[in-house]
Amino acid sequence: MTTATLCPSCGEAVAEEDDFCESCGTRLHAPPPQEGTCPKCGAPADQADADGYCTRCGNRLPRPTDHIEVEEGGMALVSDKGLRHHRNEDAGAIRATEAFSVLVVCDGVSTTANPDQASAAAAEAVADAVVAGLSGHEEAVSVLAGAVAAAQAAVCNAPVEEPGGYTQAPSTTVVAVVVIGDQLVTANVGDSRAYWIDAASPQACRQLSYDDSLAEAAIAAGATPEEAYGRKDAHTITHWLGTDAPEVTPHIEVVTAPGPGILLVCSDGLWNYYEAPEALRELVAAGPPGEGVLETARRLVDAALEAGGHDNITVAIKALGAPTWAEVPSAPPAEPPSETPTGPVEPVETETPVETESNESEANDHG
Amino acid sequence: MADFHLECFQNEYLPEGAREVNAVVTITASGASAAGGFAAGPGAASTAGSVEVIVVDTSGSMGGSKIRAAREATAAAVAAIKDGVRFAVISGDNTAHVVYPRTGGLATSSNETRAQAQQAAGRLEASGGTAIGSWLQLITSIVANEPGIKHVILLTDGKDEHESPETLDAAIQGAKGIFQCDCRGVGTDWVVSELRKIATVLLGTVDIVADPAGLAADFETMMAQAMGKSLADVKIRLWTPQGASISFVKQVAPDLLDLTDRRVTINPLSGDYPTGAWGDESRDYHFAVSVNAGNVGDEMLAARVSLVVNGQVAGQALVKAVWTDDSALSTKINKQVAHYTGQAELADAIAEGLEARKQGDMETATTKLGRAVQLAAQSGNTETAKLLAKVVDVEDPATGKVRMKSKVADEDEMTLDTRSTKTVRVTH
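The listed protein sequences derive, respectively, from chains D and B.
So in my numbering the end of the first sequence lands on 380, straight run, no missing numbers.
So in my numbering the end of the second sequence lands on 648, straight run, no missing numbers.
Okay, here's the thing in structure tokens:
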């Protein structure tokens, strides 16, 4: 007696002992995709044609940019194309010298031509300009502003035509953070974000970048965050890099890390699922003790994938002051806000936290 | 050296669950003209190695002005044959016979042989019936073993009435892949569908020359075009992924030619489609392929279009499929694909409208021809629009509102029928 089995892909009847559907070539008893095989049909990847497609099922074989992991100088960068996009239009760069580090994340605007090339060009341009400028001991703020201008120029050189794609000029967001000691200098255009994730206190966590989005514009005009983020076009960005950008003036923020923690730079592929700094802190803190930055970055990307992975996800991380993530009671909502900046709940490190003005106001905002 | 450039036009973005992938590929050949003598690429057939046959209907109905025009036209075409080309002139009625060279077979073109051939053409006389299949059979037997491009000009004025349709079909099939055949009908007593059948299978053109006075110029043009082609045996090789099926493969410019059934299997995933001989020219092809639906985020190569010249791949285009949940991308209409879908619908509407008119179903005829008027206007196909206006009174081309003319000249109806497959390209 034979049992009828149907191909999960095309619905044709297949024999139990068949490895592949005779009708459509889908692998039947699919083992987990192996390195060097077509993830769709299992054909050896050496069967890929010169254009990167499987010569059997036509599936696009993974591109190098589909998943990127880089670790350098106490920093990690992980970028993934996610589950619903056919290519990774995010890009990132991390660079370290003895004196400083720079972390860059760019998110190519999907509704423009060649956004993947726009973001890659911008990320490289920013990192290069920062390394070149800061090595000459110039002021970080002006170097970053110059780096964003260099990125704008690079994006304008991206090819403007993409067959079958969008016709708007190639565009991207950019967020870059220069770390010099405990000083964090952030520049951003668009809605890719930088966060300070404080090891000691959820209340000391904060967003360092400022979104150029319709939601933020609505909030600035007086709407409540609920109203603003309830808009259908809340995530529409109002500034970007590209030839048709209305103006390219980055938001620049200078803060001093209050203590041990993690600098997190990411695209909206992550923060669409974990928006609040406190939520991101919980995610970071959930890792095993002594977890390295690369593992943390991977875990954050995986969390976004598990949450749906609707967009490309890019996470760049730098640890400051050897943070440990001992159990911290999550911010008790009932507790009235403190007038003074919230100090470390558990003194895990003896370093003196240095609070900035903006940190104070941020802490107050949360009250 | 002949050079082929392939350019693909499509919207590769598909919504979740979609399977049908459409693309228009423009193929442009340069350096393939025989004008430069033997300059064509290695392996290319120069005109010196090609074959030209002119077959003239000499049935009784050709008597009078038609046979005089045919003699003149044959002489004009012969004059345009380049030195070194192997050629023959054939007279066709109930049977076919070679009138030049007298020994049968083929002559080699020179001043002397062309003059002799023109004299022989001047002696063509009209008598007997029409059995086109027998003409094709004779040509096949003469040219089958000849190398290079083999091109035939066929002229008739009447219905193929002295043999069975099966005999004609068998003769067409026998000639398939052996030679290309451009067909011309003179006057209005021939049958468009018969000549179209021949021209379609034998990768040629079909046209009406209603006034015999226009024949010589038409023959001369046809021969000149044939002399401009230097690449024989050009094929489109289509690779599609496992599980895909091919909905159709059509040449869509300069005219419509359905190649779907012409596939010659190369391996389970690849097949070749013949395109005949090429000179310096540009043609458009429409491919429709049904693939296994991917998941959102998947990208697939839905087809690889290669141009194979003398067994070598001379150019490629990739047809892709990308599944997305971004409806702004997946709902975009590709201009070329939409345009040629419209041109194919235009040809169908004319064919169906004229057929309905013949059957006396004026309601259907009005609807179909009205739709044709609308499509011709929308796509800028002014030649077809002009031909339609001789068959229907156009009240509003934008909406396709037409009235059937009470009286339509046979010539006008046949011209519309014959030229309904002429397309125009997308105006940029």
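Virtual Cβ for every residue (Gly too), placed ideally from N, Cα, C.
Using a C-beta to C-beta distance shorter than 7 Å, which residues of chain B count as neighbours of D:L96? G517
Using a Cβ-Cβ distance under 8 Å, would B:L234 count as near chain D? Between B:L234 and chain D, the shortest Cβ-Cβ separation is not below 8 Å.
Should B:V542 be flagged as near chain D, meaning a C-beta pair shorter than 8 Å? yes
In the DSSP assignment, what residue or residues form a beta bridge with B:S384? In DSSP, B:S384 forms no bridge with anything.
Give me, in chain order, the residues of the same chain whose beta-carbon lies closer than 8 Å to that of B:D637; leave out the 5 immediate sequence neighbours on both sides. V412, I570, A571 and L574
For a minimum of 3 consecutive residues, which ranges assigned as the beta strand (DSSP E) are wholly contained in the region 581–629 of chain B? 612–616 and 621–624
CB B:Q563 to CB B:L476, shorter than 8 Å? yes
How about D:C51: is its C-beta nearer than 8 Å to some C-beta of chain B? no
Burial state of B:E583, where buried means 16 or more other Cβ atoms lie within 10 Å: exposed
Measure the C-alpha to C-alpha separation of B:G276 and B:I310 and round it to an integer number of angstroms. Rather than Gly, the amino acid found at residue 276 of chain B in this sequence is Val. Their backbone Cα atoms lie some 6 Å apart in a straight line.
At a Cβ cut of 9 Å, what residues of the region 440–474 of chain B count as close to chain D, listed as they run along the chain? W459, T460, P461, Q462, G463 and A464
Residue nearest to D:I275 in terms of C-alpha spacing, selected from D:A109, D:E266, D:P290 and D:T237: D:P290
Note the first and the last residue of the continuous alpha helix (DSSP H) segment covering D:Q216. Segment: none, D:Q216 is in no alpha helix (DSSP H) and carries neither H nor E.
Checking contacts by CB at 8 Å: is D:G120 closer than that to chain B? Checking the displayed sequence, the identity of residue 120 of chain D turns out to be Asp instead of Gly. No, because no Cβ of chain B sits closer than 8 Å to the Cβ of D:D120.
With B:N314 as the anchor, note down where its alpha helix (DSSP H) starts and where it stops. No alpha helix (DSSP H) holds B:N314; DSSP gives it neither H nor E.
Backbone CA spacing between B:T647 and B:I369 [nearest angstrom]: 33 Å
Taking a cut of 7 Å between CB atoms, which residues from the region 58–83 of chain D lie near chain B? D64, Y66, R69, C70, G71, N72 and R73
Please classify B:T350 as buried or exposed, where buried requires at least 16 other C-beta atoms within 10 Å of its C-beta. buried
With a threshold of 7 Å on Cβ separation, who are the neighbours of B:T333 within its own chain once the five nearest residues in sequence on each side are excluded? Sequence-distant Cβ neighbours of B:T333 in its own chain, meaning closer than 7 Å and more than five residues away, are A327.
Going straight from the alpha carbon of B:R457 to that of B:D303, what length do you get? 34 Å
Is the CB-CB distance between D:V328 and D:L283 below 8 Å? In this structure, D:V328 sits near D:L283, with a CB-CB distance shorter than 8 Å.
Can you name the residues that DSSP bridges to B:G407? DSSP, once it has assigned bridges, lists no residue as partnering B:G407.
Is there a Cβ from chain D that is less than 8 Å from the Cβ of B:L521? yes
Among the candidates D:M88, D:G65, D:S226 and D:A299, whose CA atom is the shortest distance from the CA of D:L333? D:M88
C-alpha distance - D:R206 paired with D:Q130, whole-angstrom precision: 20 Å
Between the region 122–129 of chain D and the region 175–191 of chain D, do three or more beta carbon pairs fall short of 8 Å? yes
Please give me, in chain order, every unbroken run of the alpha helix (DSSP H) with length at least 4 that falls completely inside the region 255–324 of chain D. 281–284, 290–298 and 306–319
Beta-carbon gap between B:D545 and B:E236 smaller than 8 Å: The answer is yes: Cβ separation under 8 Å.
Would you mind stating whether D:G321 and D:R312 have Cβ atoms separated by less than 8 Å? no
Within 8 Å, do at least three Cβ pairs link the region 232–245 of chain D to the region 186–198 of chain D? Of all C-beta pairs linking the region 186–198 of chain D to the region 232–245 of chain D, fewer than three are shorter than 8 Å, placing the two stretches out of contact.
DSSP-derived helix/strand/coil call for D:V8: One cannot answer for residue 8 of chain D here, as it falls past the ends of chain D, which runs 14 to 380.
Just by C-beta distance, which residues in the region 485–506 of chain B are closer than 7 Å to chain D? Those residues of the region 485–506 of chain B that come within reach of chain D (Cβ to Cβ, closer than 7 Å) do not exist; the list is empty.
With a threshold of 8 Å between beta-carbons, can B:N242 be considered close to chain D, or not? Interface annotation, B:N242: not in contact with chain D, CB-CB separation never under 8 Å.
Below 8 Å, how does it come out for the region 376–387 of chain B and the region 603–611 of chain B: are there three or more Cβ pairs, yes or no? no
Interface flag, B:Q632 vs chain D, CB-CB below 8 Å: Note that residue 632 of chain B is Asp in the sequence shown, not Gln. No, its Cβ sits nowhere closer than 8 Å to a Cβ of chain D.
D:N101 versus D:K94 - alpha carbon distance: 4 Å
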